[in-house]
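Chemist: Got a structure here, written out as structure tokens. Questions coming.
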Amino acid sequence: MMEELITQEIGSFRKPTYLSSKFRSYKGNEFQEVAKRATLETLDLFEKSGLMNIGVGGEMYRWEMYEHPISRMDGIKIFGPVRSFDNRYYNKGSVYDNIERNEPFHVEEIHLFRELKRKNVKIPVTGPYTLMDWSFNDHYKNRADLAMAFGKIMNQEIRELKSAWGDEILQVQIDEPAATTRPEEMDIVLESVNESVKGIGGIETHLHVCYSTDYGLLFNIAPSLDVSVYNLEFANRDPTSLSGHRKGYDDVKRFKEVSDTMNRKISLGLGVTDIHRDFLEPPQLIKERIEYALKFLEPDRLRLNPDCGLRTRSREVGYEKLKNMVIARDEVARTL
Amino acid sequence: MELISLLYGIYPRSEGLRKAYGKWEKGQIDGAEISQKINEESSVYYDLVREASLNYFTDPLFNWYDILRPIALSIEGITLGPLARYKATNTFYREPEVARIGKLGDVKSFREVDENPPFPVYHELDSESYLHFLPGINSFLAMSKVKGDISEVRNGLKRRYLEIIESLGIKRLLIYEPFEPKDFSVYGDINEATSTFLVIGGSAGKFKIDGGNKFFSIIGNDPYSYAKYCEVPGVKIIDALSTRIGDDVVQKMKPLSTDFDKMIVANTESFDFLPRVIADKKVFSFKGGE
Numbered sequence: 001m002m003e004e005l006i007t008q009e010i011g012s013f014r015k016p017t018y019l020s021s022k023f024r025s026y027k028g029n030e031f032q033e034v035a036k037r038a039t040l041e042t043l044d045l046f047e048k049s050g051l052m053n054i055g056v057g058g059e060m061y062r063w064e065m066y067e068h069p070i071s072r073m074d075g076i077k078i079f080g081p082v083r084s085f086d087n088r089y090y091n092k093g094s095v096y097d098n099i100e101r102n103e104p105f106h107v108e109e110i111h112l113f114r115e116l117k118r119k120n121v122k123i124p125v126t127g128p129y130t131l132m133d134w135s136f137n138d139h140y141k142n143r144a145d146l147a148m149a150f151g152k153i154m155n156q157e158i159r160e161l162k163s164a165w166g167d168e169i170l171q172v173q174i175d176e177p178a179a180t181t182r183p184e185e186m187d188i189v190l191e192s193v194n195e196s197v198k199g200i201g202g203i204e205t206h207l208h209v210c211y212s213t214d215y216g217l218l219f220n221i222a223p224s225l226d227v228s229v230y231n232l233e234f235a236n237r238d239p240t241s242l243s244g245h246r247k248g249y250d251d252v253k254r255f256k257e258v259s260d261t262m263n264r265k266i267s268l269g270l271g272v273t274d275i276h277r278d279f280l281e282p283p284q285l286i287k288e289r290i291e292y293a294l295k296f297l298e299p300d301r302l303r304l305n306p307d308c309g310l311r312t313r314s315r316e317v318g319y320e321k322l323k324n325m326v327i328a329r330d331e332v333a334r335t336l
Numbered sequence: 337m338e339l340i341s342l343l344y345g346i347y348p349r350s351e352g353l354r355k356a357y358g359k360w361e362k363g364q365i366d367g368a369e370i371s372q373k374i375n376e377e378s379s380v381y382y383d384l385v386r387e388a389s390l391n392y393f394t395d396p397l398f399n400w401y402d403i404l405r406p407i408a409l410s411i412e413g414i415t416l417g418p419l420a421r422y423k424a425t426n427t428f429y430r431e432p433e434v435a436r437i438g439k440l441g442d443v444k445s446f447r448e449v450d451e452n453p454p455f456p457v458y459h460e461l462d463s464e465s466y467l468h469f470l471p472g473i474n475s476f477l478a479m480s481k482v483k484g485d486i487s488e489v490r491n492g493l494k495r496r497y498l499e500i501i502e503s504l505g506i507k508r509l510l511i512y513e514p515f516e517p518k519d520f521s522v523y524g525d526i527n528e529a530t531s532t533f534l535v536i537g538g539s540a541g542k543f544k545i546d547g548g549n550k551f552f553s554i555i556g557n558d559p560y561s562y563a564k565y566c567e568v569p570g571v572k573i574i575d576a577l578s579t580r581i582g583d584d585v586v587q588k589m590k591p592l593s594t595d596f597d598k599m600i601v602a603n604t605e606s607f608d609f610l611p612r613v614i615a616d617k618k619v620f621s622f623k624g625g626e
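Okay, structure coming up:
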């Protein structure tokens with residue numbers, strides 16, 4: 001029987017201070033040891049919360065989702081940080097030549113989880129469209145060509161992750177927060193994401209998109225997209241009142257309508273906790289959100305997760321949010 | 337053809353200023369200290385743009401957390417809402433929520449405000465090249481949540497802009513309208529009050545303006561569509577979304593030289609979209625137009 005209402009995290013979790021404060025200072029073996037320690041501590045938290053899928057233990061080996069892969073590529077250079085908002089910055093790379101992967105991005109995480117004999121893993125990788133959208137393109141003819149070049153690199157990476165994982169199915173989550181920012185470029189999203197997984201067997205492909213102004217753009221390409229699970233943000237757009245219309249979850253119905261037109265099954269990862277606020281959604285609220293989604297989707301096609309990575313919250317708040325999500329899930333599951 | 341250089345918008349902060357803001361946000365340094373640092377950094381910027389011989393440049397806006405915030409925080413009845421994406425970029429701003437257009441606060445003096453570094457709003461330079469900066473009224477409203485009658489709010493905002501112009505004695509003003517222009521008649525009074533440079537985004541095909549003086553300059557992508565509404569038309573050429581140095585200004589301007597005697601050459605967007613080290617080099621790209 002398929003598992004129902006699988007709980008999962010999205011990717012990142014706040015790093016312990018001993019790792020975050022010296023992240024760029026640790027080198028070689030010392031870094032490996034400290035990142036492993038942080039991963040194990042985070043796994044303990046995840047398992048204590050009752051989470052069913054533990055991801056890769058909060059992405060302790062990565063500073064952030066963009067810089068980590070591009071700093072392992074040739075043909076792209078970081079000249080300095082660029083502002084995201086207020087006084088928050090990220091290192092934006094400039095593509096000045098043909099891009100190539102010069103070392104694996106995440107294989108060390110797979111090796112660790114093999115060593116730990118954990119099976120309930122989902123490994124996030126940054127999607128090709130987002131990598132393109134967040135880079136300066138000073139080399140490729142157009143945005144589509146650059147996105148496809150990133151797609152080919154991600155294909156190499158995912159192929160190697162799968163090879164390191166072995167025969168069992170590996171869950172791979174392609175993170176594409178930028179996916180729906182330009183409606184006219186959804187064909188680029190489609191082709192570059194498909195390129196990332198082309199010809200790779202033995203994986204279950206997830207796609208994570210958040211804070212979209214129109215998930216419909218994504219649903220429109222779903223029939224052609226080689227993705228099985230869509231992990232999306234919803235809680236941020238939903239009221240926190242216990243009763244009334246679950247406005248933030250209107251798109252679940254649209255997801256169902258699209259999936260009904262398809263001859264293969266796709267699942268939805270439902271964002272049930274907001275990662276931008278310390279507010280702890282009570283289990284009752286999360287339960288209502290799940291029950292609303294169950295009006296449209298069967299429980300084996302519904303997974304439960306926070307809206308996005310929990311790195312934005314303290315470890316304590318992150319843990320409490322996950323715990324409440326699990327409590328709510330268990331209460332709903334008992335009624336099925 | 338005579339080419340006149342113009343750099344507008346938020347200029348990227350130095351590493352030193354970013355770190356200082358980090359300390360200020362954590363309460364490790366106070367408002368007076370960060371204000372002193374902003375003054376110092378502004379002076380460095382003015383030295384740079386003078387060295388690059390730019391004809392016109394705006395305030396670097398180092399204490400603007402986004403292109404709307406200091407103005408939103410200066411007007412009663414406007415509060416800050418959630419983060420919103422600026423166009424299709426990876427840059428975010430706090431969406432103003434406009435309940436009404438109330439009184440204008442003090443924009444000239446040192447003043448601590450919530451959710452933005454301290455005022456004054458501008459760090460002025462006594463120079464004929466210096467331009468004050470204001471977000472376009474149409475774009476301000478397009479980027480905000482507005483309650484009530486939109487034309488009333490628009491006129492209210494215009495009145496506050498006129499107050500700012502008067503209280504600061506603004507001689508040259510740059511208005512930045514990154515969103516699709518519709519009707520620029522709202523600027524009639526502003527054009528009479530000061531010499532105005534208008535930077536527009538999107539298509540200028542629907543350009544409409546009734547009454548008032550001409551703009552000193554309108555800067556966009558298609559000078560033929562707006563040249564008649566200004567004294568000196570301009571084009572956006574120096575690419576703020578590419579780190580490649582050398583925008584080949586002379587070559588790009590050549591096709592226009594048969595129809596225009598004098599033009600302004602400007603950046604395509606705020607240099608805040610670039611790393612500082614690249615912005616400091618690009619400033620000298622404008623020289624290709626001189």
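Sequence lines, in order, name chains A and B.
Each residue of the first sequence is one higher than the one before, starting from 1 at the first, in our numbering.
Each residue of the second sequence is one higher than the one before, starting from 337 at the first, in our numbering.
All residues carry an ideal CB built from backbone N, CA and C; glycine is no exception.
Keep in mind the model is a prediction, meaning the values are calculated, not measured.
Is Gly28/A helix, strand or coil when you go by DSSP?
Modeler: The answer is helix: DSSP assigns Gly28/A an H, G or I state.
Chemist: To the nearest angstrom, report how far apart Arg313/A and Ile275/A are at their CA atoms.
Modeler: Each residue's alpha carbon lies about 7 Å from the other.
Chemist: Assuming the contact rule is C-beta atoms closer than 8 Å, Gly318/A and Arg62/A should be a hit. Round their C-beta distance to whole Å, please.
Modeler: About 16 Å; that fails the 8 Å criterion.
Chemist: Under 8 Å, with one C-beta from each stretch per pair, do the segment 469-481 of chain B and the segment 513-528 of chain B reach the 3-pair mark?
Modeler: Touching, yes.
Chemist: Once DSSP output is grouped into helix, strand and coil, what is the label at Thr17/A?
Modeler: The answer is helix: DSSP assigns Thr17/A an H, G or I state.
Chemist: At what residues does the alpha helix (DSSP H) containing Leu190/A begin and finish?
Modeler: It spans 186-197 - the alpha helix (DSSP H) in which Leu190/A sits, taken as one unbroken run.
Chemist: Given Arg315/A, which residues of its chain have a CB within under 6 Å of its CB, disregarding the five upstream and five downstream residues?
Modeler: Closer than 6 Å at the Cβ level, and outside the excluded window around Arg315/A, lie Arg14.
Chemist: Taking Glu528/B as the reference, which of Ile501/B, Asn391/B, Pro456/B has the closest Cα?
Modeler: Ranking the options by Cα distance to Glu528/B, first place goes to Ile501/B.
Chemist: Report the three-state DSSP secondary structure of Ala435/B (helix, strand or coil).
Modeler: Residue state, collapsed to three classes: coil.
Chemist: Measure the C-alpha to C-alpha separation of Pro16/A and Val125/A and round it to an integer number of angstroms.
Modeler: Roughly 22 Å separates the two Cα atoms.
Chemist: Lys77/A and Ser94/A - do their beta-carbons sit closer together than 8 Å?
Modeler: Taking 8 Å as the Cβ cut-off, Ser94/A and Lys77/A qualify as a contacting pair.
Chemist: Which chain A residues are close to Ala424/B, counting only those with a beta carbon under 7 Å from its beta carbon?
Modeler: Within chain A, the residues near Ala424/B are Thr181, Arg182.
Chemist: Rounded to whole angstroms, what is the Cα-Cα separation between Pro406/B and Gly367/B?
Modeler: Their backbone Cα atoms lie some 15 Å apart in a straight line.
Chemist: Is there a Cβ from chain A that is less than 8 Å from the Cβ of Ser578/B?
Modeler: Judged by the 8 Å Cβ criterion, Ser578/B is in contact with chain A.
Chemist: Is the beta carbon of Thr530/B less than 8 Å from the beta carbon of Tyr523/B?
Modeler: In this structure, Tyr523/B does not lie closer than 8 Å to Thr530/B by Cβ.
Chemist: Which runs of the alpha helix (DSSP H) spanning at least 4 residues fall entirely within the segment 581-612 of chain B, listed in chain order?
Modeler: Runs found: 585-589.
Chemist: Under 8 Å Cβ to Cβ from Phe596/B, same chain only, skipping five residues before and after it: list those, please.
Modeler: Result list for Phe596/B: Met337, Pro559, Ala563, Pro569, in chain order.
Chemist: On the premise that Leu270/A lies in contact with Phe234/A, defined as a C-beta separation below 8 Å, what is that separation, rounded to the nearest angstrom?
Modeler: That belief holds up - the Cβ atoms of Phe234/A and Leu270/A are roughly 6 Å apart, short of 8 Å.
Chemist: Within 10 angstroms of its Cβ, does Pro591/B collect 16 or more other Cβ (buried), or is it exposed?
Modeler: By the neighbour-count rule (16 or more Cβ atoms within 10 Å), Pro591/B is not buried but exposed.
Chemist: By DSSP, does Gln156/A sit in helix, in strand, or in coil?
Modeler: Three-state result, Gln156/A: helix.
Chemist: Return the CA-CA distance between Leu285/A and Lys247/A, expressed in angstroms with no decimal places.
Modeler: So the two alpha carbons sit approximately 13 Å from each other.
Chemist: Which ranges does the beta strand (DSSP E) cover as unbroken runs of at least 3 residues, wholly within the segment 456-520 of chain B, from first to last along the chain?
Modeler: Listed in chain order, they are 466-471, 508-513.
Chemist: From Tyr90/A to Leu131/A, what does the alpha carbon distance come to, in whole angstroms?
Modeler: Their backbone Cα atoms lie some 13 Å apart in a straight line.
Chemist: Taking the straight line between their C-alpha atoms, what separation do you get for Lys598/B and Leu339/B?
Modeler: So the two alpha carbons sit approximately 6 Å from each other.
Chemist: Taking the straight line between their C-alpha atoms, what separation do you get for Phe393/B and Phe622/B?
Modeler: If I take the Cα positions, the gap works out to 11 Å.
Chemist: Could you name the residues of the segment 350-361 of chain B whose beta carbon sits closer than 7 Å to any beta carbon of chain A, in the order they occur along the chain?
Modeler: Those residues of the segment 350-361 of chain B that come within reach of chain A (Cβ to Cβ, closer than 7 Å) are Arg354, Tyr357, Gly358, Glu361.
Chemist: How about Tyr429/B: is its C-beta nearer than 8 Å to some C-beta of chain A?
Modeler: By this cut-off, Tyr429/B is an interface position.
Chemist: What did DSSP end up calling His139/A once you bin it into helix, strand or coil?
Modeler: His139/A: coil per DSSP, three-state reduction.
Chemist: Could you tell me if Gly11/A is buried or exposed, where buried requires 16 or more neighbouring beta carbons within 10 angstroms of its beta carbon?
Modeler: Label assigned to Gly11/A: buried.
Chemist: Quickly, what does DSSP pair Ala420/B with across the bridge? List them, please.
Modeler: Tyr429/B.
Chemist: Give the residues of chain B in contact with Trp134/A, contact being defined as C-beta atoms less than 7 Å apart.
Modeler: The contacting residues are Asn426.
Chemist: Taking only three categories from DSSP, how would you classify Gly80/A?
Modeler: Gly80/A falls in the strand class under three-state DSSP.
Chemist: Given that Ile365/B touches chain A, what residues does it touch there, using C-beta distances under 8 Å?
Modeler: The contacting residues do not exist; Ile365/B stays about 13 Å from chain A at best.
Chemist: For the alpha helix (DSSP H) holding Val56/A, just list the boundary residues, first then last.
Modeler: Careful: Val56/A lies outside any alpha helix (DSSP H) and carries neither H nor E.
Chemist: So that I know if they touch, is there some Cβ in chain A lying closer than 8 Å to that of Arg610/B?
Modeler: Looking at the sequence shown, residue 610/B is not Arg but Leu. Closer than 8 Å: yes.
Chemist: Report the three-state DSSP secondary structure of Lys117/A (helix, strand or coil).
Modeler: The answer is coil: DSSP assigns Lys117/A none of H, G, I, E or B.
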